[in-house]
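Trainee: Numbering (mature numbering (1 follows the signal peptide of the UniProt record, and there is no 0)), first residue to last: -27 to -1, 1 to 539.
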């Protein structure tokens, strides 16, 4: 599509030492690579793969715990057993490798460790093939974990609210959960407080409040915006407030209407005829798709969009037409390409609200639905008019249900880049003048040829295209909308090929790019995945799909090397 993109990336990184080669066969002729990557910040492995245990014939959970108990020194578990140090959160089958996949959560004395999640792949003969994810080391030696004095969770919420500095209208009741939290050189107990609200401006803040002192250790906004605040310089007008309405699906018969989108193109729309009215409710897919009208207020989801004649051609309809149509196209892409049934792979409804606020220059995923502003007509037009924007934001939801990458620093930049990758692939799937720019259709409507970001040349909009040029500050959650440019460039090279910083990459096409990143995100990435761990996961994903000695594996390696990620 043609008009312009949205900003997203990362911040501080971790140095990693790599050991590697090619190893034993994974199940059914799919290959597993022999790799061991150390996270030098914590001095323990962040990704290991190969024939790690040999065939044991045991159940997957026993295989993983036996391995971790034998490797307690490497992972610095101290005197505690693996059974006391990890809890199994999820068990699934992987058809590609005929293996069992376990997602783990590290715990200390029963308290979860923030961001310390792991993925293990166990083949059907009971051999461990992959263990991905950094483990917090030496928790027994952390002095602050010996302090059992803790404030109440309600007090932690009060502290976070005071620091926020406003009295918001909450979408979700604030909550405080106790975690073990690594704060630089120190490890301590902390309450993770979530404040999710729309008024006075949208936010989904995570506060980290030290449990004994009440000190604010860290905070960030997890609201997945399509654009940085510096892309929205016009002061937003205060929207009107009203009571949040109860919203129910309508009952009726399926119908097909038409409508004109933001750019004036005509689209076919799946609607529901109920009584004598037509609603933007699509019941034809595995997940129902709903499109709502906020009527320039900030209540969500708003009113289910309704029309008298099933022809949505009015200027006010355009934002709803595109939100509805592009949500369907995003669903179709994931279903047709990966057999994924909606964002959670279990048929979750896709909800979109348009005409949010007044002249609101952004779009966001708030943890349960998509929300689109109308823009001010200068910086942005209606933000639902960009299919890559909608694909981008709904991919944040896919990530939330998969790797759940933390929206800060390198993992946050990876999160943003994955959304850029799949937003672009959804645009190619729709096949209406697709390109490798992000947000080009909705950014600066009066200026042709620009975008929020560029995957082919991130530097065009001030983003880095090599790890040596990464942003290392703290703004934008550690540069999540900036350092994403590094992974964006890597992904572009993997699909299209090219020579970058003296490294030549042979492109493998956009379809294989999508297959590799989808598998890596759903099978190997964890909450705190670094760029280096992402490389290892993507390489193993390519090996699973195409073989350990394949051209695709080599292309993945070269594309990461070209942007300085080893």
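C-beta atoms are modelled at their ideal positions from N, C-alpha and C, and glycine is treated no differently.
Starting from residue 250, follow the beta strand (DSSP E) in both directions and report where the run begins and ends.
Mentor: Segment 250 to 252, the beta strand (DSSP E) holding residue 250.
Trainee: Quick one: Cα of residue 530 to Cα of residue 465, how far?
Mentor: For residue 530 and residue 465, the distance between alpha carbons rounds to 14 Å.
Trainee: Can you list, in chain order, the residues of its chain with a C-beta nearer than 7 Å to that of residue 73? Leave out the 5 residues immediately preceding and following it.
Mentor: Same-chain partners within the cutoff: 33, 64, 66, 95.
Trainee: Could you check where the alpha helix (DSSP H) with residue 497 kicks off and where it finishes?
Mentor: From DSSP, residue 497 is part of no alpha helix (DSSP H); its letter is neither H nor E.
Trainee: Taking contact to mean at least 3 C-beta pairs separated by less than 8 Å, is the region 339 to 355 in contact with the region 443 to 463?
Mentor: These segments do not touch.
Trainee: Under DSSP, the beta strand (DSSP E) around residue 102 begins and ends at which residues?
Mentor: It spans 101 to 105 - the beta strand (DSSP E) in which residue 102 sits, taken as one unbroken run.
Trainee: Check the C-beta distance from residue 326 over to residue 345 and give it rounded, since I have them as a contact under 8 Å.
Mentor: 7 Å between Cβ atoms; contact.
Trainee: Once you ignore the five residues that flank residue 177 on each side, which residues in its own chain have a CB closer than 7 Å to its CB?
Mentor: The answer, listed in chain order, is 169, 194, 195, 196, 339, 340.
Trainee: In the DSSP assignment, find the unbroken beta strand (DSSP E) run with residue 67 in it and report its ends.
Mentor: From DSSP, the beta strand (DSSP E) with residue 67 extends over 59 to 67.
Trainee: For residue 87, which residues does DSSP report across the bridge?
Mentor: For residue 87, which the question treats as bridged, DSSP gives no partner whatsoever.
Trainee: Okay, do the region 97 to 112 and the region 10 to 20 touch, 3+ Cβ pairs below 8 Å being the bar?
Mentor: In short, these stretches touch, since the Cβ pair count reaches three.
Trainee: Skipping 5 residues on each side, what residues in its chain have a beta carbon closer than 7 Å to that of residue 278?
Mentor: Answer for residue 278: 252, 253, 264, 265, 266, 293, listed in chain order.
Trainee: Under 8 Å, with one C-beta from each stretch per pair, do the region 314 to 331 and the region 343 to 363 reach the 3-pair mark?
Mentor: Because the criterion of three Cβ pairs below 8 Å is met, the region 314 to 331 and the region 343 to 363 touch.
Trainee: Residue 504 lies in the alpha helix (DSSP H); which residues open and close that run?
Mentor: Segment 504 to 519, the alpha helix (DSSP H) holding residue 504.
Trainee: Compare the Cα-Cα distances from residue 376 to each of 399, 435, 495, 300 and report the closest residue.
Mentor: Of 399, 435, 495, 300, the residue nearest in Cα terms is 495.
Trainee: With distances taken from CA atoms, which of 515, 439, 353 is nearest residue 412?
Mentor: Residue 353 is the option with its Cα nearest to residue 412.
Trainee: Taking one C-beta from the region 398 to 411 and one from the region 352 to 371 each time, how about it: are there three or more such pairs within less than 8 Å?
Mentor: Cβ pair count under 8 Å is three or more, so yes.
Trainee: Would you report the Cα separation of residue 484 and residue 8, rounded to the nearest angstrom?
Mentor: Approximately 26 Å, taken between the alpha carbons.
Trainee: Given residue 256, which residues of its chain have a CB within under 7 Å of its CB, disregarding the five upstream and five downstream residues?
Mentor: For residue 256, where only same-chain residues beyond five positions count, the Cβ hits under 7 Å are 227, 245.
Trainee: Run through the DSSP bridge pairs and tell me what residue 194 is partnered with.
Mentor: Partner(s): 178.
Trainee: In whole angstroms, what separates the C-alpha of residue 37 from that of residue 51?
Mentor: Each residue's alpha carbon lies about 17 Å from the other.
Trainee: Check residue 357 in the structure and name its three-state DSSP category.
Mentor: Of the three classes helix, strand and coil, the one that applies to residue 357 here is helix, per DSSP.
Trainee: Between 410, 416, 440, 418, which lies nearest to residue 428 when the distance is taken from Cα to Cα?
Mentor: For the residues 410, 416, 440, 418, the minimum Cα distance to residue 428 belongs to 410.
Trainee: From which residue to which residue does the beta strand (DSSP E) around residue 262 run?
Mentor: Taken as a continuous stretch (DSSP letters only), the beta strand (DSSP E) holding residue 262 covers 262 to 266.
Trainee: What runs of the alpha helix (DSSP H), each 4 residues or longer, lie entirely inside the region 322 to 404?
Mentor: Within the region 322 to 404, the complete alpha helix (DSSP H) runs of at least 4 residues are 360 to 373, 382 to 403.
Trainee: So residue 303 is in the beta strand (DSSP E); what residue range does that whole segment cover?
Mentor: It is not in any beta strand (DSSP E) - residue 303 instead sits in the alpha helix (DSSP H) that spans 291 to 311.
Trainee: Please list the terminal residues of the continuous beta strand (DSSP E) segment that includes residue 149.
Mentor: Taken as a continuous stretch (DSSP letters only), the beta strand (DSSP E) holding residue 149 covers 142 to 156.
Trainee: Name the two residues that bound the continuous alpha helix (DSSP H) containing residue 527.
Mentor: That run of the alpha helix (DSSP H) goes 524 to 535.
Trainee: Output needed for residue 448: all residues of its chain with C-beta closer than 8 Å, excluding positions within five of it in sequence on either side, in chain order.
Mentor: Cβ neighbours of residue 448 beyond the five flanking positions: none.
Trainee: Once DSSP output is grouped into helix, strand and coil, what is the label at residue 317?
Mentor: Coil.
Trainee: With a threshold of 7 Å on Cβ separation, who are the neighbours of residue 546 within its own chain once the five nearest residues in sequence on each side are excluded?
Mentor: Any property of residue 546 remains undetermined from this structure, which presents the chain solely from -27 to 539.
Trainee: So is residue 312 buried or exposed if we call it buried at 16+ other beta carbons inside 10 Å?
Mentor: By the neighbour-count rule (16 or more Cβ atoms within 10 Å), residue 312 is not buried but exposed.
Trainee: Identify whether residue 240 lies in helix, strand or coil by the three-state DSSP scheme.
Mentor: Of the three classes helix, strand and coil, the one that applies to residue 240 here is strand, per DSSP.
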